[in-house]
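So the protein lines, in turn, are chains W and R.
Quick note on the numbering used here: the first sequence kicks off at 1257 and runs consecutively.
Quick note on the numbering used here: the second sequence kicks off at 1257 and runs consecutively.
Just so you know, even glycine gets a beta-carbon here, dropped at the ideal spot from N, CA and C.
Keep in mind it's a predicted model, so treat the numbers as computed, not measured.
What follows is a short report on a single structure.
2 protein chains.
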Amino acid sequence: MSPVSNPSLQHTTQQRRLSALYKHLHPNGAATAPDHNLTTKISPNATLKFGSITETQQQSFDVESMAEWLLGPNTNQKLRQKILAMSKADIIRTPMLNLPKEEQRRITTEQIKYILASGEYRISLMKQNPSEMMQRLECMTFFPASASVKLGVQLLLFSGSLMNLGTERHKDVLRRAEKGEIMGAFGMTELAHGSAVQKLETTATYDPDTKEFVINTPSKNALKWWLGNAACTATLCSVFARLIVKDQDYGIHVFLVPIRDEKTKQPLPDVIIGDCGDKQGLHGVDNGFLGFKNVRIPKDNLLNRFGDVTDDGEYTSQFSSNARRFGAHMGELITGRVSIVFSSLQVRRASVLIATRYAARRVQFGAPDRTGEQSILSYRSHQMKLMPILASCYVYEFSKRDLVRKYTSLHSPDTKISDDDLAELHALSAGMKAVFSWDTQKYLEICREACGGHGYSAYNRFGSMINDHTIFQTFEGDNTVLVQQLGGFLMKEFAKQFQKNQVGAVLNMIGSRIGSAIATINPAQVFTNPNVKSSNFQVQAFRHRTASILQTCAQQINNQRKKKGFVNAWNDALPQIVSLARAYVEQYALEQYVSQVRRVKNRELRTILKRLRNIWALTVIKDNFLDFVNIINVKPESIRKALESQCEKVSTHAVSLVDAFNIPDHVLDAPIGLSKGNYMDHILRYAIERNPGNHENIEGLLEGILESNDNLTTQATSRPSASAERSHQSSLSEQTLFHSSTEKAESNGDESDVESDSDDEMEQ
Amino acid sequence: MSPVSNPSLQHTTQQRRLSALYKHLHPNGAATAPDHNLTTKISPNATLKFGSITETQQQSFDVESMAEWLLGPNTNQKLRQKILAMSKADIIRTPMLNLPKEEQRRITTEQIKYILASGEYRISLMKQNPSEMMQRLECMTFFPASASVKLGVQLLLFSGSLMNLGTERHKDVLRRAEKGEIMGAFGMTELAHGSAVQKLETTATYDPDTKEFVINTPSKNALKWWLGNAACTATLCSVFARLIVKDQDYGIHVFLVPIRDEKTKQPLPDVIIGDCGDKQGLHGVDNGFLGFKNVRIPKDNLLNRFGDVTDDGEYTSQFSSNARRFGAHMGELITGRVSIVFSSLQVRRASVLIATRYAARRVQFGAPDRTGEQSILSYRSHQMKLMPILASCYVYEFSKRDLVRKYTSLHSPDTKISDDDLAELHALSAGMKAVFSWDTQKYLEICREACGGHGYSAYNRFGSMINDHTIFQTFEGDNTVLVQQLGGFLMKEFAKQFQKNQVGAVLNMIGSRIGSAIATINPAQVFTNPNVKSSNFQVQAFRHRTASILQTCAQQINNQRKKKGFVNAWNDALPQIVSLARAYVEQYALEQYVSQVRRVKNRELRTILKRLRNIWALTVIKDNFLDFVNIINVKPESIRKALESQCEKVSTHAVSLVDAFNIPDHVLDAPIGLSKGNYMDHILRYAIERNPGNHENIEGLLEGILESNDNLTTQATSRPSASAERSHQSSLSEQTLFHSSTEKAESNGDESDVESDSDDEMEQ
Ligand SMILES: Cc1cc2nc3c(=O)[nH]c(=O)nc-3n(C[C@H](O)[C@H](O)[C@H](O)COP(=O)(O)OP(=O)(O)OC[C@H]3O[C@@H](n4cnc5c(N)ncnc54)[C@H](O)[C@@H]3O)c2cc1C
Ligand SMILES: Cc1cc2nc3c(=O)[nH]c(=O)nc-3n(C[C@H](O)[C@H](O)[C@H](O)COP(=O)(O)OP(=O)(O)OC[C@H]3O[C@@H](n4cnc5c(N)ncnc54)[C@H](O)[C@@H]3O)c2cc1C
C-alpha cells in the first residue's frame, strides 16, 4: 500500500485490473458508472413505518408532473438538455479530489475553455434573450463549483464589465473574451477594502502629454486581492481605481489593464502578480493579487460609459455627483447576486436530495420484536432535520422565479423599467442573495450530519459543497452589508407610504400604527387561536412580522438620529435591520408560493405542496418566535405538534419529492445519493475506483463477500443468531427502563395520510 | 508562474531567495515566523467607538489574572509547558495544506511517533494520575487536528480497549502500543452499522480443536469501515465481533486481530485491507476498511475481562445478560466523549479568537464626516455574531471542568463511584459531547463569515477547523443518538424522584406539577417583569425550562406507550428529547458558571464575567424562545435590548477576553489572528511563504509598496483626495435617504462602561 502522490496518474494503468472487481459492484453488469439517466423514474420510496425500503416500491405521487411544475413553464428543454449533455464530458467529470491546487486549476481552466467553446456562455446573449441566458446561468450548477465560479468571473464580472461599463471601442475585446481567446480578471477588492468599495486606493492618473492613464498601487493595503483568474490565467484585468485628472479625484472608474503577455503568459513589466494561495474551497479557481507600479495604459482603456476624459484632460459624465456615478458602476453586480440566489438553491437541493435518499435507505436500530430495522428517515428527530430543508427547496422556487422575471424584464429591449422597480430589484436581489445563502450554508451542515459517518466521505460531496458554497455568503457582496440595502429600501418605501397616505410627511412623524398598504388587520383579532396550518394565518403572520420590525427600525433610527447622528443610529438598529431583511424575504417567498400553489390543478400534488408550506412556515415561526410572539396568540405546543405531524406526513413522500428535483446522477455523483442501486455497493465502488493505488490485490479476497446480501431485506434477516435480538436497542441503555418485557411495539398501522383541503380553507 | 505539484519540496530551494522579501514583512527584522510567545501580554485592545485600533493600546483589564482563572487552579503548569514545547517541533508544525492525503498521512504518522516517543501519552498514566492525564489530553489541541485524532485512535481507542477490556495476558501488547512500537486500529463500525453496535455482523467462532477463534466477515455490509490507522499504519486491530461458541451467539466481544505483517507492513493472508479514501477533513488520518475471510487467531486474543471461553468451549462471564455485558464493553467510550467536550471548546476558542482580533483590527466604512473608518467590531450586527460565541467560551469552561472532575474521580484508585454517579457521568458526557460539538460547529461558520473574504483563506484556518471539527458531531457516538442517553437518564431520575416523594410510584401517575427537587417556584409568580440580567432569573428560567420539557416528554411517552408501544412512543417524543438534553446541558453550564463567578474576588473581572453570562443566557433564551415563552413573562424587546447592550459593553473588552484564552501564536497559526503586528503584512507573508513557487520575481516590485502604510492610522488618512470623501458610505446607497447633508455623526463619547453589581443583586 504505497503512498500515491497523484492518484489520477495511476488511474489508467490500474483500470483494467479493477474491471473484474467492478462487475460485482454493478449487479446488472454495466461497468460504466455513474448512471446518466436524466429523470429518475424508478425511484425508491419509503413507507417508513418500521422496516427498510426496497428499490421496487412505487412513487408516492406523480413525480413527473411535480418535476415539470417545479421546472416551470418557460424552460427551454432543448437548451437544458444541451447543457446537461455538455456536463457529461470527460473533462467536466474529471475527479479532482486529492489533487494539488495547481493541478485542479489546470483542469478547471480546461473546463472553462471547453464550456466557452460551446458558444452558449456569451454575456451578449443576455441582451438577445435574457430569459434563456438566465436559464444557461442556472444550468451552470451542472458543472463543478470551481468551473462555475471561474466561468462567472470571466462571463459576468470581466465580460460583464466590458459590456456594461464599456462602449463601442471595447466591443472587440469583449468578443475575444466571449470566445475565451482572452481570459480576464475583475479587480475590485483590495487587501484592505472589500465591502467599502468607495475607499479603494488604487489610482489612475491621466497624463495629457501621452494620452495615457498611469495605474498605481500606492500602498500594500491597496494591492488588488482575491481576484479570480489573476494568479495564473488572466491577461487583462478590469481594474477599479480612482480617476485623477488634474489633481482632481473623480472617484471610482474601471480601467482595462493588461497584466500578462498574451503569448508568453509572463507578467508584464511593473505589474506585480501573486497567488493568494490555498483557500477553504474552490481549489480550481486561481485567486491572485495584483499591484501596479505606475503602469501606463492607453486612454481608450477607460471603460467610459458613465464617465470619460477628453484628450486634453476635461472630465465629462452624465452624472453630476460621484455618488450617483458610483451607483451606476456598481449596479451591474446584480447579475452575480441573482446567480447566487439560484445556485444556492440548487446546492441546497442536491444536498437534501442526497441526505433524503440516504435516510430512506439507511436502517439503524429497530423495534425490539421485529426482524427488520428502522429506516433513519422514520425517526422524528431526523424528519425534523430534513423535512424543513426539503420544504424550503419548494417554497423558495417561486420567489426566485419572480426575481428572475423582474431581472430579465430589466434586460429586455422592449421594457422600460422604472427607477422604483430598479431600486426594488437591487434591494431584493441583495436581500435574497443573503438569506438564501445563509440558510443553505446552515442546511448543508445539517444534511452532512444527518448522513453520519458516510456523510464525511468526500465522495458524498457535503465537504466540497460546504467549502465551495460558504463563500456565496461573502463574495458578490457580504451578506450583512447586503441586507442593509434591502433594509434601507424598505424604510424608504415605508416613508413614502406615509407621504402618500398623508399620515405624515416625514419619518419623525411616524405614529404607532403601520399604514394600510402594509398590513390591514388588527393582530389581536385575527391571531387568537388561529388554524396554524392555514395559508391565511401564515401570510398574515409573516406580513405583520415584517411590518412590526420595519416600524420598530424606522422609529428607532428616526428617534436616535437627532441625538447620535444617522450613522450611529443606523448602527444601533443593525440587528433589527438584519431581521427585517429576513422577514421580508421570507414573506415574499411565502406569498409567491401560496399564489403558485393555488393554481395547481392536481389535488394530490396540491395537498403535498400545502404540507410543505406548513412545514416551512411553521419552522420559520418556531425559529423566530421572538419576532412572532407579540403578533400571534398561539400555544407553543400547537406550533410544535403541527410541525412534527406535517413532517411525518411529508416524510412518506420525501423520496419522490427529491426525485422531482430532477438532478441527474452524474451531476450528483454521490454514492449514498444515487437514484438506483444499493448504496453500500456504491460506497465500496467509489472507495476502490477513486483510490486505485491503495487497493492492490484485494479483488480476489472481496469476491464472495461482494455477492452476499445484495439487498437490504436479506441483510436484515441474515444476522447470525436470534439470541442476540434480545439485547438490541439497548445501547440507548436508559430506554430499557421504560421497556416492560411483555410489551410489543405495535405498527402505527396505515394511519390516514389524507388531509382535506380544509386544513387550508382560508385560501383567499 | 509554473504550477508546482508539491510546494513543500520547493520550500528549501526558494527560502533564501525570499528572505530579502520577508524582512519587509517583519518590521522588527526578525525573519522567524510565527511569534512563539506563550502569553500574549501586549494585546491590542479596541476602544471601538469609531476609528481603528492601534497596537499600542492598553489591556482593558488584568488579562493575566483572567487567564489564570480560566486555566483553573489544578493545572500542572510544568506539564503544560512541556507539551507546548513539544508542539513547536518542526515535525508538528510542518505545513500540510495542498499536499495529497498520502503525504499528509505520512507526516501525521511521523508526528504520532514523535509524540508517543515523549512518553507523555500512555493510557496507563490514566490510572496513575487521572487528573494529569486529562490535562495531557486537553493539551492535544496544541497538535494538528489529524495528529490529535490519530493519536486518539492509538491511545484512547486501541490502547484503551487493551487496558479496559483486556487482562494480564494483554499487558505486553499494551506496553508496546504505548511506545508506538505497535500501531493499532479500533474495529467497531461496519459499513452497515455505526450507532447500532449490537447489530454488528462480524463473527468470531470458537474452534475447540485448535483453541482458536475464526474471525469472519459474512457479508459486504459487515466490512469494518472507517477505522482510523487501518488504511496504512496498523498491524493489529481490536475487532468487535459476535462471539459464537457451540452455535450459541453470546453477543459482541472484542478480539485482537493481526492485520499486517509487523516487518513488511503487508496485509496478512485472508485479511482484506482497503482505503476509505478522501474525506471532508482529517486528511492525515488513514481511515480504512477491513474484511476477514475466516482468519484464525489464538484464543488468548479475546479481550477477556468481561467474558471468556474455556479451552473446551464453555462460556463464562460475570454478567448474566448480554445487554449488561454489552454495556460494560461500550462504557469505555466515555473517555473519547469527554475528550471531545474539551477539544470542541478549544476549537471554539481558537476560532472566536481569530475572528475577534480580526474584527478589532479590520476597518470598513465609517462615519461620513470622519477621516478614519470604523472597526468592524463596532458594528452591532458584528457584536451580535461574535459576543455570544465569546461568552459561551467562558460559560462552558466550568461545566466542562466539573465533568472532568467527575470523570477523573471515576478513575482514581481511592474513590469508589456509585452506580448512580456512573450512570450520570455516562449520560452527562454523552449530552455534553453533543451540545458542545453542535454549537461549536455552528459558531465556526459564523466566525468564518465574520472575517469576510480573508476568512476564506485556508491560512486563516476556519476551513480546516470546520472540516476537521464537524466529525466530532458523529464519531464517538452520533449526537442525536447520544442525547437520547441523557434524555433517558433524566426521565429515569424523574421517575425516581416521584417514587421518593411518594407523589406516585409509577410514571403513568405523574400529575401536572414537577416535584420540588427539580423546581421550587411557581413560574407565574417569579417570572413576571423580572430583571433579565439577574443570575437568579436566569437560573430559575433555565431550571423551569428543563423541568417543563422533562415533564412533557415523560408524560407523552407514558401516555402513548400503551397505545403504540414504547419504541413508537419514544420515537414520537424524539424532537422533545433532543430539546431536553440541550436544556439540561445549558442549565448545568449556567449553574456551574454562576457558582464559580461568585467566588471571583476581583470586582472588575467579576463585572465582565457577569456580562458574559448575561450575553450567553439571553442568547439561549432568544434562540429557544418557544421553550421559554410559557415560563417567563418578559417582553421580547427587553430580551433583545439587554442582549444588544451587553454585547456592546463586552465588545470593548473582547480583545483582552480572547487574549486570556492564552492560545499561543504558533498554535493559532492564522495571519489575521496573530497576537502582534499588522494583519495585512501577515496575510501577504503567508501567501508568499506558503507558495514560494508561485511568487517568482516579485521581490523587487514589492519593495516600496511594502514600506508604505505600516500602521492603520497612516492608511486611514492617506487617501488620495478629499473630494472622494463626499460620496463614501453610499454603497449602502439607500442609507443616503436618511442622510441630511448638514448632519454630523457624533461620537458616542466615552459612555460609562461601569455597571454596578446590582445588575445581579439577586445572587443567592
Ligand atoms: C474566493 C473569492 C473570490 C473572490 N473573487 C473576487 C474577484 O474576482 N474580484 C474582486 O474584486 N473581488 C473578489 N473577491 C473579494 C470579495 O468580493 C470580498 O471578499 C467581499 O466583497 C467582502 O469583502 P471583504 O472580504 O473585504 O470583507 P469586509 O468588507 O472587510 O467585511 C468583513 C466583515 O465585516 C462586516 N462588515 C463590513 N462592513 C460592515 C457594515 N457596514 N455593517 C456591518 N458589518 C460590516 C462583514 O459583515 C464581514 O463579516 C473574492 C473573494 C473570495 C474569497
Ligand atoms: C473520520 C472517521 C473516523 C472514524 N473512526 C472510527 C474508528 O477508528 N473505529 C470505529 O469503529 N469507527 C470509526 N468511525 C465510525 C463512527 O464511529 C461512526 O460513523 C459513528 O458511530 C456513527 O455511525 P454511522 O456513521 O453508522 O451513522 P448512523 O448510525 O447510520 O446514523 C446516521 C444518521 O441516522 C441518525 N440515527 C441513527 N440512529 C438513530 C436513532 N436511534 N434515533 C435518531 N436518529 C438516529 C443519526 O442521527 C445520523 O444522523 C469513524 C468515522 C469517521 C467518519
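Should the segment 1600-1613 of chain W be regarded as contacting the segment 1689-1706 of chain W, the criterion being three or more beta carbon pairs within less than 8 angstroms?
In short, these stretches touch, since the Cβ pair count reaches three.
Determine the DSSP secondary structure at V1909/W, reduced to helix, strand or coil.
For clarity, residue 1909/W is His in the given sequence; the question names Val instead. DSSP, reduced to helix, strand and coil, places H1909/W outside both helices and strands of the structure shown, so it counts as coil.
What residues in the segment 1689-1713 of chain R bring their beta carbon closer than 7 angstroms to a beta carbon of chain C?
Structure shown: chain C not included; protein chains present are W and R.
State the Cα-Cα distance for the pair Q1639/R and Y1370/W, rounded to the nearest angstrom.
The straight-line gap separating the alpha-carbon atoms of Q1639/R and Y1370/W is approximately 46 angstroms.
Can you tell me whether S1637/W sits near ligand 2, meaning its C-beta is under 7 angstroms from at least one heavy atom of the ligand?
In terms of side-chain proximity, the C-beta atom of S1637/W is found nearer than 7 angstroms to a non-hydrogen atom of ligand 2.
Counting pairs of beta carbons, one from the segment 1354-1370 of chain W and one from the segment 1338-1358 of chain R, are three or more of them closer than 8 angstroms?
yes
Counting contacts by CB-CB distance shorter than 8 angstroms, is S1637/R in contact with chain W?
yes
Going along chain R, which residues have a C-beta under 7 angstroms from T1473/W?
Residues of chain R passing the Cβ test: I1961.
Under 7 angstroms from any heavy atom of ligand 2, does the C-beta of Q1522/R make it?
no
Starting from the Cα of L1512/R, find the closest Cα among L1738/R, V1551/R and R1336/R and give me that residue.
V1551/R
Looking at G1507/R and N1578/R, is the spacing between their C-beta atoms short of 8 angstroms?
yes
Using the three-state DSSP reduction, which class does A1497/W fall into: helix, strand or coil?
strand
With a cut-off of 8 angstroms, does the C-beta of A1486/W fall near any C-beta of chain R?
no
Looking at chain W, which residues of the segment 1443-1466 of chain R have a Cβ within less than 8 angstroms of any of its Cβ atoms?
For the segment 1443-1466 of chain R, residues whose beta-carbon sits nearer than 8 angstroms to a beta-carbon of chain W comprise T1445, L1447, A1448, H1449, G1450, S1451, A1452, V1453, Q1454, K1455, E1457 and T1459.
C-beta contact flag for K1905/R and R1867/R at 8 angstroms
yes
Do you know offhand how far L1327/R's Cα is from V1319/R's?
12 angstroms
Less than 8 angstroms between the C-beta atoms of A1829/W and G1530/R, yes or no?
no
Q1794/W at chain R interface by Cβ criterion, 8 angstroms:
It does not; no Cβ of chain R falls within 8 angstroms.
Proximity below 8 angstroms, CB of S1637/W to CB of P1514/R
no
Under 7 angstroms Cβ-Cβ, which residues of chain R neighbour D1734/W?
G1708
Kindly list, in the order they appear in chain W, the residues whose Cβ is closer than 7 angstroms to that of W1482/R.
G1709
Between the C-alpha atoms of C1649/R and N1889/W, what's the straight-line distance to the nearest angstrom?
In a straight line, the C-alpha of C1649/R is about 36 angstroms away from that of N1889/W.
Taking only beta-carbon atoms, is C1493/W less than 8 angstroms away from chain R?
no
What residues are listed by DSSP as bridge partners for T2088/W?
Because chain W in this structure spans residues 1257 to 2020, residue 2088/W falls outside the shown range and cannot be described.
Grab the span of the alpha helix (DSSP H) containing K1866/R for me, first residue to last.
Start and end: R1859 to D1879.
Which residues in chain R have a C-beta closer than 8 angstroms to the C-beta of M1936/W? List them in chain order.
L1447, A1448, K1476 and N1477
Tell me, which residues are paired with E1468/W by DSSP?
D1463/W and P1554/W
Shorter than 8 angstroms from the beta carbon of M1643/W to some beta carbon of chain R?
No, M1643/W lies away from the interface with chain R (no Cβ there is under 8 angstroms from its Cβ).
Tell me whether N1947/W, by its Cβ, gets closer than 7 angstroms to a heavy atom of ligand 2.
no
Which residues in chain W sit within 9 angstroms of Y1942/R, going by Cβ to Cβ distance?
G1533
Does the beta carbon of Y1712/W fall short of 7 angstroms from some heavy atom of ligand 2?
Yes, since a heavy atom of ligand 2 falls inside the 7 angstroms radius drawn around the Cβ of Y1712/W.
Across the segment 1873-1883 of chain W and the segment 1794-1801 of chain W, are there enough close Cβ pairs to call them in contact, namely three or more that are closer than 8 angstroms?
Short answer: they touch.
Quick one: what's got a C-beta closer than 7 angstroms to T1489/R's C-beta in the same chain, skipping five residues either side?
T1365, M1439 and D1542
Tell me whether Q1504/R is buried or exposed, calling it buried when 16 or more other Cβ atoms sit within 10 Å of its Cβ.
exposed
Evaluate Q1337/R with the Cβ neighbour count: other Cβ atoms within 10 Å of its Cβ, from every protein chain shown; 16 or more gives buried, anything less gives exposed.
exposed
Have a look at D1517/W, R1838/W and S1912/W and flag the residue whose alpha-carbon is nearest the alpha-carbon of A1615/W.
S1912/W
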